[in-house]
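Novice: Residue numbers (the numbering used here), protein chains in the order written: chain E, 215 to 504; chain R, 127 to 520. Quick reminder that beta carbons are idealized off the backbone N, C-alpha and C, glycines included. In this text the structure is predicted, and so the values were computed from the model without any measurement.
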Ligand SMILES: Nc1ncnc2c1ncn2[C@@H]1O[C@H](COP(=O)(O)OP(=O)(O)O)[C@@H](O)[C@H]1O
Ligand SMILES: [Mg+2]
């Protein structure tokens, strides 16, 4: 008896020691693992890079502290246009997918209709499909609209450009929006809408005065997610962008010849904006957006 | 007689039967199609200014009935009228009716003021008037100064009052209340019962009140419909329901009742003879003699007097013999369980008027005589259907 108890007791002590000492260590390691790349990106945005320094235009080796890149964040040919296109596409894709996704989320939670179960599972498909598959199939689809037998029968989506990128982005964003909005609606008390109607509000007023304000945090979270997915998408975009540059595609193109610190500057700005948005919504609602 | 404010004609409501939620009126045999009949062809008239209750066990269709009057649910068939106007298919916002929801359903994102003002704002009432009416209403429910709080900061009792204020401020013709006190503790519930009754008397609005608590319904209501399985078994004022229950269900649901199998004999003046299983014969009011011969007669526990074995019992009283099985001293009264000669258990409450300092007047094991006035007897059909006074007969 005593023989079996003793090892147990020492195991217990060991576990406790692990909890007290090892857990903080693991936590620091895990957070470090997540943060180191970002810190490196941020630090190297202050690097001095020029031709005379031996490693050409590549921001790999630390030379000296410089604000040059921060003072001139668009200081590479094509960067400004690519970034502008990316922002525009991200904003438009976010608006489009948030509206459509919210409506789909509402329909799927509110109404029983034929095919609801199927749509509920299909909605996960774009998340589960490899981007490579989705990108190539979208590319083929868009080209096919311009060729026989589809040619003339459907609106032509070729040549590639902003509109094809937008269609692709809205498409893959919708799933994420639907899932996020549905999570918020799952906890929604329908009696609140009944109460509003009971008090004289018609469907329209009820939606805007009661439903929308209450699911707004979910919609906001969905929009942020959509924006962040859209602004840095590379794989799908590359299949449908044609000659249109976006920021990720421009970066991919330029790294063969140069790695300008401006990339780090823009990366840092995007990161800081994201942190600010999450922080402000956490402060406002008391919890991070889902 | 006051005017009819709410009229339900043959209102029938079935749920289910089709995943897509299509109407199920075409099904004749509901169970085979998985259809749940929530409300089964109800006819009801609620009068202006009355405190009317729907009373019944959970699942009997009270909420569904109320929701159809409120407009949140449409009947599968039947007609609903408010002040003479057919509103069966009108949406809630086109009915002059307001609801106090079971869960209160206060808008969590709005202040108490904005919650109460919600209905007035929809009617484009001037800001100044909204202010005064909301303030008056918060005073009526004794919550002045709570305008800027949020619902999340209120206790259950206070949230309940806000829900009441939010509905009443619109001065509806009818106020619907679905177990509004269900979530409160006993003490607060008693207090709110008195207050609700006071407010109803103050504002003079018709109340339709849903509850499964018979005591609550009895204290507050002018009239009660006792519901069971989608129908009401009896409709009347609390006294009639208690003194003259029409069915076994009503007798059992409102208070304690003793029911004894009986067969009806000859009429003798105002009374009819009822032969009991133990061979004794008692008298019941002749008006209770229904169309069926086999009935159950009932008598409430507090109507029965106990006499010692062999003691003289007043001649006009019904008499039954039994043995005390149990006596529990309850302070104001003593509760006895008596076994009759044929083994029926009869409950008797006796006021503790003539108490001595040592124990109950009648000890367990003692033989006693039970006596009650024939007029205190009621009768129900043995199969649970009404014999007399019931809304839908037997
Ligand atoms: N939306 C619904 N769908 C299916 N069945 C329902 C629905 N609402 C109520 N029911 C059923 O109808 C019956 C009556 O319900 P309800 O009116 O809520 O009873 P009560 O309020 O008296 O407890 C119950 O059997 C309940 O399960
Ligand atoms: Mg209910």
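#1: Would you verify that the beta carbon of residue 291(R) is, or is not, closer than 7 angstroms to some beta carbon of chain E?
#2: Any contact between the segment 411-421 of chain E and the segment 439-455 of chain E? By contact I mean 3 or more CB pairs, one from each, below 8 angstroms.
#3: Does at least one heavy atom of ligand 2 sit under 6 angstroms from the Cβ of residue 460(R)?
#4: Can you confirm whether residue 320(E), when its beta carbon is compared against all beta carbons of chain R, has any partner nearer than 7 angstroms?
#5: With 16 other CB atoms within 10 Å as the buried threshold, where does residue 500(R) fall?
#6: Beta carbon of residue 386(E), beta carbon of residue 340(E): below 7 angstroms?
#7: Tell me whether the segment 317-327 of chain E and the segment 390-401 of chain E touch, counting them as touching only if at least three CB pairs, one residue from each stretch, are closer than 8 angstroms.
#8: At 4 residues or longer, what runs of the alpha helix (DSSP H) sit wholly inside the segment 435-496 of chain E?
#9: Looking at chain R, is there any beta carbon in it that lies within less than 7 angstroms of the beta carbon of residue 282(E)?
#10: Measuring only between beta-carbons, confirm whether residue 154(R) sits less than 7 angstroms from chain E.
#11: Would you check if there are 3 or more beta carbon pairs closer than 8 angstroms linking the segment 349-361 of chain E to the segment 444-456 of chain E?
#12: If we ignore side chains and look at the alpha-carbon of each, how far apart do residue 217(R) and residue 470(R) end up?
#13: So, helix, strand or coil for residue 489(R), using DSSP?
#14: Helix, strand or coil, according to DSSP, for residue 337(R) in the structure here?
#15: Check for me: the beta strand (DSSP E) holding residue 388(R) runs from which residue to which?
#16: Can we count residue 202(R) as close to ligand 1, meaning its CB is less than 6 angstroms from some heavy atom?
#17: At 3 residues or longer, what runs of the beta strand (DSSP E) sit wholly inside the segment 282-357 of chain R?
#18: Between residue 375(R) and ligand 1, is the CB less than 6 angstroms from at least one heavy atom?
#19: I want to see whether chain E comes within less than 7 angstroms of residue 330(R), judged by CB atoms only; does it?
#20: In terms of residues, what are the limits of the alpha helix (DSSP H) holding residue 253(R)?
#21: Please report the distance separating the alpha-carbon of residue 426(R) from that of residue 384(R).
#22: Below 8 angstroms CB to CB, which residues in the same chain sit around residue 396(E) once its five sequence neighbours on both sides are set aside?
#23: Leaving out five residues before and five after residue 201(R) in sequence, what residues of the same chain have Cβ atoms less than 7 angstroms from its Cβ?
#24: Determine the burial state of residue 407(R): buried for a count of at least 16 other Cβ atoms within 10 Å of its Cβ, exposed for fewer.
#25: Would you mind sorting residue 368(E) into buried or exposed? The rule is 16 or more other CB atoms within 10 Å of its CB.
#26: Measuring CB to CB, does residue 400(R) end up less than 7 angstroms from residue 423(R)?
#27: Report the three-state DSSP secondary structure of residue 392(E) (helix, strand or coil).
#28: Which residues, taken in chain order from the segment 181-204 of chain R, show a beta carbon closer than 8 angstroms to some beta carbon of chain E?
#29: Determine whether the Cβ of residue 323(E) lies closer than 7 angstroms to any Cβ atom of chain R.
Specialist: Well, looking at it:
#1: Taking the second chain and counting its residues from 1, one reaches residue 291(R) at position 165. No, no contact with chain E.
#2: no
#3: Stepping through the second chain from its first residue, residue 460(R) is reached at position 334. Checking every heavy atom of ligand 2 against the Cβ of residue 460(R), none is found closer than 6 angstroms.
#4: In the first chain, residue 320(E) corresponds to position 106, counting from 1. It does not: the Cβ of residue 320(E) has no partner Cβ on chain R nearer than 7 angstroms.
#5: By one-based count along the second chain, residue 500(R) stands at place 374. Buried is the call here.
#6: The sequence position of residue 386(E) within the first chain is 172, counting from 1. The sequence position of residue 340(E) within the first chain is 126, counting from 1. Cβ atoms of residue 386(E) and residue 340(E): closer than 7 angstroms.
#7: yes
#8: 449-454 and 461-468
#9: Working through the first chain from its first residue, we reach residue 282(E) at position 68. So no, residue 282(E) is outside the interface.
#10: Taking the second chain and counting its residues from 1, the one referred to as residue 154(R) is at position 28. The pLDDT assigned to residue 154(R) is 38, lower than 50, so where the model puts this residue is not dependable; a value taken from the coordinates is nonetheless given after this. Not one chain E Cβ lies under 7 angstroms of residue 154(R).
#11: yes
#12: Along the second chain, one-based indexing puts residue 217(R) at 91. Along the second chain, one-based indexing puts residue 470(R) at 344. Distance between the alpha carbons of residue 217(R) and residue 470(R) is about 53 angstroms.
#13: Residue mapping note: residue 489(R) aligns to position 363 of the second chain, counting from 1. Residue 489(R): coil per DSSP, three-state reduction.
#14: Stepping through the second chain from its first residue, residue 337(R) is reached at position 211. In the structure shown, residue 337(R) sits in a strand (DSSP, three-state: E or B).
#15: Numbered from 1 along the second chain, position 262 holds the residue referred to as residue 388(R). 384-394 is the span of the beta strand (DSSP E), which, as asked, contains residue 388(R).
#16: In the second chain, residue 202(R) corresponds to position 76, counting from 1. Incorrect: residue 202(R) has no Cβ contact closer than 6 angstroms to ligand 1.
#17: 300-304, 332-337 and 349-354
#18: Sequence index remark: in the second chain, residue 375(R) carries index 249 (1-based). No.
#19: On the second chain, position 204 is the one that residue 330(R) refers to. No, residue 330(R) lies away from the interface with chain E (no Cβ there is under 7 angstroms from its Cβ).
#20: Here the question's residue 253(R) lines up with position 127 in the second chain. Start and end: 253-266.
#21: Along the second chain, read from residue 1 onward, the residue named residue 426(R) stands at position 300. Along the second chain, read from residue 1 onward, the residue named residue 384(R) stands at position 258. Those two C-alpha atoms are separated by around 6 angstroms.
#22: In the first chain, counting from the first residue as 1, residue 396(E) sits at position 182. So the qualifying residues of the chain are 319, 322 and 323.
#23: Reading the second chain from its first residue, position 75 is the one you call residue 201(R). If we look at residue 201(R) and ignore the five residues flanking it on each side, its Cβ neighbours are 137, 138, 139, 194 and 214.
#24: Here residue 407(R) refers to the residue found at position 281 when the second chain is read from its first residue. Residue 407(R) is exposed by the Cβ-count criterion.
#25: To locate residue 368(E), count along the first chain from 1; it is residue 154. With fewer than 16 other Cβ atoms within 10 Å, it is exposed.
#26: Reading the second chain from its first residue, position 274 is the one you call residue 400(R). Reading the second chain from its first residue, position 297 is the one you call residue 423(R). A contact, by the Cβ cut-off of 7 angstroms.
#27: Counting from 1 along the first chain, the entry for residue 392(E) is found at position 178. Residue 392(E): helix per DSSP, three-state reduction.
#28: 196, 197 and 198
#29: Position 109 of the first chain, counted from the start, is the residue given in the question as residue 323(E). It does not; no Cβ of chain R falls within 7 angstroms.
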